[in-house]
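In this note's numbering, each residue's number is its place in the sequence shown (first place is 1) plus 148. First comes the structure, then the notes that go with it.
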Amino acid sequence: MLITGAAGFVGRHVAVGLRQAGYVVRCLVRPGSVRRLPRLAGLEIAAVDLRAPQAVLAPALAGVRVVVHAAGLRAQRPWRGETFAAVHVDATARLVEAAEAAGVERFVLLSCLGAAPDSDLAYLRSKAQAESIVQQSRLAWTVLRCGLIYGPGDGRVTRLARWMRWFGRTPVVGDGLFLVQPIAVGDVVAGCVAAAAGRLEQRTLSAGGPDVLAFRDMVELLAAAIDRRLPLLRIPVGPARLLAAACRLSGVIPWTADELQVMMRGYTCDPREYYEAAGLVRPLPFSAAVRAYLGPS
């Protein structure tokens, strides 16, 4: 079992979940990110950049039956060669080719709600292109289109809660009426485990949480979860995007400018097919889940 992006928030949880399910897990991470891997016995490490040539990727795939491709890019840094096209499209194509050459059986791609080849947003176009590459491969494949993924260690909801505690405000972008459908990371892991076992082959499934919320309602539920009654801080869309771009490195704003654009489109789904396929009897509601791992402090 090979997991890409295993040093990231979702990848770490997927690695732990698959290891606990009994799989031998190999984590593909950039050489500088090894220290961010979960500390769990039995994890193998392949320190390779996904953008490396296929020949460099090949040893990491030796003996692998299943690939879970969780790596992704939140913000483009063209000066470092980190663009949506390079990471989501070109790297996925090389990984699929290397997986086919290595005799990998199944390939699981984590994508996002709203991915479309004709989208005006580069992020969503690149995700759709990655989906197409996987779907046209010779591998048994699964594509999971996920909503806003949250949970312990995430860089969005957890950081937003920290911001609210620090500044004593509940930030709302624009009118806050655009819709979000947050899904607990454990419920995404359940889908990855089911896909790794071959139960979701040749399927593209939309994975959202049980709650469809206006953004302002989501942040108010978050405030309640951390036991705060905070006044709203309205941030107009334009300044919010500028702040997201300017403050990305500082971590003050939990979303990148590209993520804000995607989120404000309000993509949602009917997740019942996903729940049934993944064996999720009780998907976690947002308010209960965030209270469980954030809680008052």
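All residues carry an ideal CB built from backbone N, CA and C; glycine is no exception. Everything numeric in this text was worked out from a predicted model, so none of it was measured.
**Report entry** With 16 other Cβ atoms within 10 Å as the buried cut-off, status of glycine 448
**Finding:** Absent from the structure is residue 448, since the part of the chain shown begins at 149 and ends at 445.
Query raised in the report: Who are tryptophan 289's beta bridge partners in DSSP?
Result: Phe255
**Report entry** Where the beta strand (DSSP E) containing isoleucine 193 begins and where it ends
**Finding:** 191-195
Requested in this report: Counting only the same chain and skipping the five closest in sequence on each side, list residues whose C-beta sits under 8 Å from that of glycine 165.
Outcome: Gly334, Val337, Ala338, Cys340 and Val341
Report task. Quick one: give me the first and last residue of the beta strand (DSSP E) that valine 177 is part of. Result -> 173-177
Query raised in the report: Does the beta-carbon of valine 177 have 16 or more other beta-carbons within 10 angstroms, so that it is buried, or is it exposed?
Result: buried
Report task. With a floor of 3 residues, list each beta strand (DSSP E) that falls wholly inside the stretch 214-268, ordered by position along the chain. Result -> 214-217 and 254-260
**Report entry** Whole-angstrom C-beta distance between valine 214 and alanine 446, which should lie under 8 Å
**Finding:** For residue 446 there is no data in the structure shown, the boundaries of the chain being 149 and 445.
Query - Inter-residue CB distance, leucine 185 and alanine 154 (contact presumed, cutoff 8 Å) - result: 6 Å
Requested in this report: Report yes if the CB atom of arginine 382 is closer than 9 Å to the CB atom of leucine 325, and no otherwise.
Outcome: no
Query raised in the report: Is the CB-CB distance between aspartate 406 and glutamine 224 below 9 Å?
Result: yes
Report task. Using a threshold of 9 Å, state whether the C-beta atoms of histidine 217 and leucine 257 are closer than that. Result -> yes
Query raised in the report: Can you name the start and end residues of the alpha helix (DSSP H) that serine 181 belongs to?
Result: Where serine 181 is concerned, there is no enclosing alpha helix (DSSP H), given that its DSSP letter is neither H nor E.
Query - Residue span of the beta strand (DSSP E) that contains arginine 364, given as start and end - result: No beta strand (DSSP E) holds arginine 364; the alpha helix (DSSP H) holding it covers 363-373.
Requested in this report: May I have the straight-line CA-CA distance separating isoleucine 374 from arginine 420, to the nearest angstrom?
Outcome: 29 Å
Query - Delimiting residues of the beta strand (DSSP E) encompassing alanine 355 - result: 351-355
Report task. Tell me, to the nearest whole angstrom, how far the beta carbon of serine 267 is from that of alanine 276; I am working on the premise that it is less than 8 Å. Result -> 7 Å
Requested in this report: For cysteine 294, name the three-state secondary structure that DSSP assigns.
Outcome: strand
Query raised in the report: Expressed to the nearest angstrom, what Euclidean distance is found between the alpha-carbon atoms of leucine 369 and serine 435?
Result: 6 Å
Requested in this report: Just the C-alpha distance for proline 387 and valine 321, rounded to the nearest angstrom, thanks.
Outcome: 9 Å
Query - valine 429, DSSP secondary structure in three states - result: coil
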